[in-house]
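Asks: Got a structure for you, written out below as structure tokens; questions coming shortly.
Number of protein chains: 2
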Amino acid sequence: MSIRVMLVDDQVLLRTGFRMVLAAQPDMEVVAEAGDGVEALEVLRATAVDVVLMDVRMPKLDGVETTRRICSQPDAPKVLILTTFDLDEYAFSGLKAGASGFMLKDVPPAELLGAIRSVHSGDAVVAPSTTRRLLDRFSPMLPSTGTETRAVDSALARLTDREREVMMLVAQGLSNGEIAARLVLSEATVKTHVGRILTKLGLRDRVQVVVLAYESGLVRAGGGAV
Amino acid sequence: MSIRVMLVDDQVLLRTGFRMVLAAQPDMEVVAEAGDGVEALEVLRATAVDVVLMDVRMPKLDGVETTRRICSQPDAPKVLILTTFDLDEYAFSGLKAGASGFMLKDVPPAELLGAIRSVHSGDAVVAPSTTRRLLDRFSPMLPSTGTETRAVDSALARLTDREREVMMLVAQGLSNGEIAARLVLSEATVKTHVGRILTKLGLRDRVQVVVLAYESGLVRAGGGAV
DNA sequence: ACACGGATCAACCGTGGGGTCGATCCTTGA
DNA sequence: TCAAGGATCGACCCCACGGTTGATCCGTGT
């Protein structure tokens, strides 16, 4: 089945150009268009879409906010943000809003098509020049606070939040040192946590932790580790 | 003037493949090769190079450390890191060490060539799937549907039957001794097999083997392990 | 006949991981 | 106010693990 693409941009000419390029692709089709954010949200309620090409600067509702609302919905399409300049803050805020990619409007068609396919298959795409700035900005890492803990196993439930957090990283194949760096802790602390995890779960070593993490559903295959 | 490329990888076959691809390009030439980090640093002292294609897993001096030393020098060439999988920390630590890019070894040649040109012109390039994880790390929770079994499958196919048999047991959390008992072998033999598995798959330790086994579908959750 | 890859084993060694004990700091709640 | 549990860190020890090298045996293919 072909990739259903939606174009959101206030410039009609630009939409036309993109439609031309996409029309030449056997595995893509433009199923919807919109000239601003409000219109985009309306159309999306009535149309099944895989990938949204989203402009940033638009009347009524800008691309970032539109992206946020789209991505907050269940079963949301992937959003690929397009903009003319990359020296603004739109790139980062757009990605934070849930976009899967960010590209300049002047990319070669072939690269844009590749980006659409990457995004559609679940990957993220960022323009090379933007990537560098992203890396520069985020190399000092932040303490992540993703606490979406559901009721799991009785044994797993006995773990503290912190221990479960460490366990997730162990289950991704990280060493104690790497976990310490990621959480901004000393390696000694990580060893303490890992040791407690092993004791509480009755496991021998971190290898078995990984197995249990997958078997218990704490971690699901396809989580992006590979 | 054409881009002077250096290949650093301990697999001669892989170097040959890359050399073939690059030789067909009018704007590129392979001016140097090395099989490990130490050799790479030596050669670099005597040869002018624009872009280095660097493997991560190598004997003597790994790709990350080699990259760090290269990039710490004035007038250093750009380093593009290549690896088989991206499930480990190599990507991040490589970029942190000063690399300008990170790509999987199984990228389409056209994409690799594009990456080399991007890096040479000063841009940063990161494989799409890695970009996603970079983003995930800093903006919690994005829908992830990693479809990236190509590289895994090809590398997995390089394992012998016996190695795959051992890998299955490793993936169930067994120690080398337990595997030896299970297969009626000496522990030394098991260690040999495990070592080869790690080398062939480009992994660091048995923990990552478990992760890969689940992520690649070699093992599926619900198998009654633990 | 020979080369080659796979399977088997051995000895060495450095390191990361796990066990144990102990310590401080903080929040929560009785 | 004090007890309890969680989070953080350090020191120590031991061993499984992984890297390296090198060896033998066997089947396949040239």
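If you read the protein sequences in the order shown, they are chains A and B.
Going from the first sequence to our numbering is simple: count from 1 and add 12.
Going from the second sequence to our numbering is simple: count from 1 and add 12.
Glycine residues also receive a C-beta, built at the ideal position from the N, C-alpha and C atoms.
In this structure, how does DSSP classify ARG170/B when only helix, strand and coil are distinguished?
Replies: Taking the second sequence and counting its residues from 1, the one referred to as residue 170/B is at position 158. Reduced to three states, the DSSP call for ARG170/B is coil.
Asks: Taking only the alpha-carbon atoms, compute the straight-line gap between GLU227/A and ASP22/A and give it to the nearest angstrom.
Replies: Here residue 227/A corresponds to residue number 215 of the first sequence, with the count starting at 1. Here residue 22/A corresponds to residue number 10 of the first sequence, with the count starting at 1. Those two C-alpha atoms are separated by around 49 Å.
Asks: Does any residue of chain B bring its CB to less than 8 Å from the CB of ALA233/A?
Replies: Locating residue 233/A in the first sequence gives position 221, counting from the first residue. With 8 Å as the cut-off, ALA233/A counts as an interface residue toward chain B.
Asks: Which residue's Cα is closest to the Cα of THR211/A: LEU92/A, THR172/A and LYS108/A?
Replies: Mapped onto the first sequence, residue 211/A falls at position 199. Among LEU92/A, THR172/A and LYS108/A, the Cα nearest to that of THR211/A belongs to THR172/A.
Asks: Kindly indicate the opening and closing residues of the beta strand (DSSP E) around VAL63/B.
Replies: Mapped onto the second sequence, residue 63/B falls at position 51. 63-67 is the span of the beta strand (DSSP E), which, as asked, contains VAL63/B.
Asks: So LEU19/B is in the beta strand (DSSP E); what residue range does that whole segment cover?
Replies: Sequence index remark: in the second sequence, residue 19/B carries index 7 (1-based). That run of the beta strand (DSSP E) goes 15-20.
Asks: For the beta strand (DSSP E) that VAL43/B lies in, which residues bound it at each end?
Replies: Stepping through the second sequence from its first residue, residue 43/B is reached at position 31. Segment 40-46, the beta strand (DSSP E) holding VAL43/B.
Asks: Could you say which of ARG80/B, ALA35/B and LEU224/B lies nearest to SER105/B if we only look at CA atoms?
Replies: Sequence index remark: in the second sequence, residue 105/B carries index 93 (1-based). The residue with the shortest Cα to Cα distance from SER105/B is ARG80/B.
Asks: I'd like the list of long-range same chain contacts for GLU45/B, defined as Cβ closer than 6 Å, with 5 residues on each side in sequence excluded.
Replies: Taking the second sequence and counting its residues from 1, the one referred to as residue 45/B is at position 33. These residues qualify, in order along the chain: LEU19 and ARG27.
Asks: One question on the structure: do VAL43/B and VAL24/B come within less than 8 Å of each other, judged by their Cβ atoms?
Replies: What you label residue 43/B is simply residue 31 of the second sequence in a count that begins at 1. What you label residue 24/B is simply residue 12 of the second sequence in a count that begins at 1. Going by C-beta atoms, VAL43/B is not nearer than 8 Å to VAL24/B.
Asks: According to the neighbour-count rule (16 or more other Cβ atoms, all chains shown, within 10 Å of its Cβ), is SER133/B buried or exposed?
Replies: Walking along the second sequence from the start, residue 133/B turns up at place 121. SER133/B is exposed by the Cβ-count criterion.
Asks: Take LEU92/B and list the residues in its own chain whose beta-carbon comes closer than 8 Å to its own, dropping the five residues that flank it on each side.
Replies: Taking the first residue of the second sequence as position 1, residue 92/B is located at position 80. Within the same chain, LEU92/B has close Cβ partners VAL63, VAL64, LEU65, MET66, ALA111, SER112, GLY113, PHE114, MET115, ALA127, ILE128, VAL131 and VAL137.
Asks: I'd like to check one pair, VAL76/A with ALA109/A: are the Cβ atoms closer than 8 Å?
Replies: As a position in the first sequence, residue 109/A is number 97, starting the count at 1. As a position in the first sequence, residue 76/A is number 64, starting the count at 1. Yes.
Asks: Taking Cβ-Cβ distances shorter than 7 Å, what residues in chain B pair up with ARG81/A?
Replies: If you number the first sequence from 1, residue 81/A lands on position 69. Those do not exist, as ARG81/A stays about 15 Å from chain B at its closest Cβ, beyond 7 Å.
Asks: What residue does the beta strand (DSSP E) around GLY113/B start on, and which one ends it?
Replies: Mapped onto the second sequence, residue 113/B falls at position 101. Here the beta strand (DSSP E) through GLY113/B covers 113-116.
Asks: Against chain A, does GLU199/B count as a neighbour if the rule is that its beta carbon must be under 8 Å from one of theirs?
Replies: To locate residue 199/B, count along the second sequence from 1; it is residue 187. Taking Cβ atoms only, chain A never reaches closer than 8 Å to GLU199/B, which makes this a no.
Asks: Would you mind working out which of ALA58/B, ARG176/B, LEU53/B and VAL196/B sits nearest SER84/B, comparing C-alpha positions?
Replies: For the purposes of this step, residue 84/B is identified with residue 72 of the second sequence, where counting begins at 1. Cα-wise, what sits closest to SER84/B is LEU53/B.
Asks: Taking 8 Å as the threshold (C-beta atoms), are ILE82/B and PRO71/B in contact?
Replies: Within the second sequence, residue 71/B is the residue found at index 59, counting from 1. Within the second sequence, residue 82/B is the residue found at index 70, counting from 1. Against a cut-off of 8 Å, the Cβ pair of ILE82/B and PRO71/B comes out as no contact.
Asks: Note down, in chain order, each residue of its chain lying with its Cβ closer than 7 Å to the Cβ of LEU73/A, except the 5 sequence neighbours on either side.
Replies: Numbered from its first residue, the first sequence carries residue 73/A at position 61. If we look at LEU73/A and ignore the five residues flanking it on each side, its Cβ neighbours are ASP48, GLY49 and VAL50.
Asks: Assuming VAL202/B is part of the alpha helix (DSSP H), what are its boundary residues?
Replies: Along the second sequence, one-based indexing puts residue 202/B at 190. 199-213 is the span of the alpha helix (DSSP H), which, as asked, contains VAL202/B.
Asks: Are ALA192/B and VAL202/B touching if we call contact CB-CB under 8 Å?
Replies: Looking up residue 192/B in the second sequence gives position 180. Looking up residue 202/B in the second sequence gives position 190. Contact flag set, yes.
Asks: Let me check understanding here. Comparing Cα to Cα, which of PRO120/B, GLY185/B and LEU34/B lies closest to GLN220/B?
Replies: Indexing the second sequence from 1 puts residue 220/B at position 208. Cα-wise, what sits closest to GLN220/B is GLY185/B.
Asks: Nearest chain B C-beta to GLN184/A closer than 8 Å, yes or no?
Replies: As a first step, residue 184/A is located in the first sequence; it is residue number 172 there, counting from the start. It does; some Cβ of chain B falls within 8 Å.
Asks: Considering LEU92/A, what are the terminal residues of the beta strand (DSSP E) in which it resides?
Replies: Residue mapping note: residue 92/A aligns to position 80 of the first sequence, counting from 1. 90-95 is the span of the beta strand (DSSP E), which, as asked, contains LEU92/A.
Asks: Using a Cβ cut-off of 7 Å, pull out every chain A residue sitting near GLY75/B, in sequence order please.
Replies: Residue numbering aside, residue 75/B sits at position 63 when the second sequence is read from its first letter. The premise fails here: GLY75/B is roughly 16 Å from chain A at the closest Cβ pair, so nothing lies under 7 Å.
Asks: Rounding to the nearest angstrom, what Cα-Cα distance links LEU56/A and ASP39/A in this structure?
Replies: Residue 56/A sits at position 44 when you count from the first residue of the first sequence. Residue 39/A sits at position 27 when you count from the first residue of the first sequence. So the alpha carbons of these two residues sit roughly 21 Å apart.
Asks: State buried or exposed for MET179/A, treating a residue as buried only when at least 16 other CB atoms are found within 10 Å of its CB.
Replies: As a position in the first sequence, residue 179/A is number 167, starting the count at 1. Buried.
Asks: ARG218/B versus chain A: which residues are under 7 Å apart at the beta carbon?
Replies: Taking the second sequence and counting its residues from 1, one reaches residue 218/B at position 206. Neighbours of ARG218/B on chain A, chain order: VAL219.
Asks: Just verifying my parser: in three-state terms, what is the DSSP assignment at VAL231/B?
Replies: As a working mapping, residue 231/B is identified with position 219 in the second sequence. Note: VAL231/B maps to coil in three-state DSSP.
Asks: Please look up how many angstroms separate the CB atoms of VAL222/A and VAL182/A, rounded, as I've assumed it's under 8 Å.
Replies: Sequence index remark: in the first sequence, residue 222/A carries index 210 (1-based). Sequence index remark: in the first sequence, residue 182/A carries index 170 (1-based). That belief holds up - the Cβ atoms of VAL222/A and VAL182/A are roughly 7 Å apart, short of 8 Å.
Asks: GLY189/B: buried (16+ other C-beta within 10 angstroms of its C-beta) or exposed?
Replies: Here the question's residue 189/B lines up with position 177 in the second sequence. The residue is exposed, with fewer than 16 neighbouring Cβ atoms inside 10 Å.
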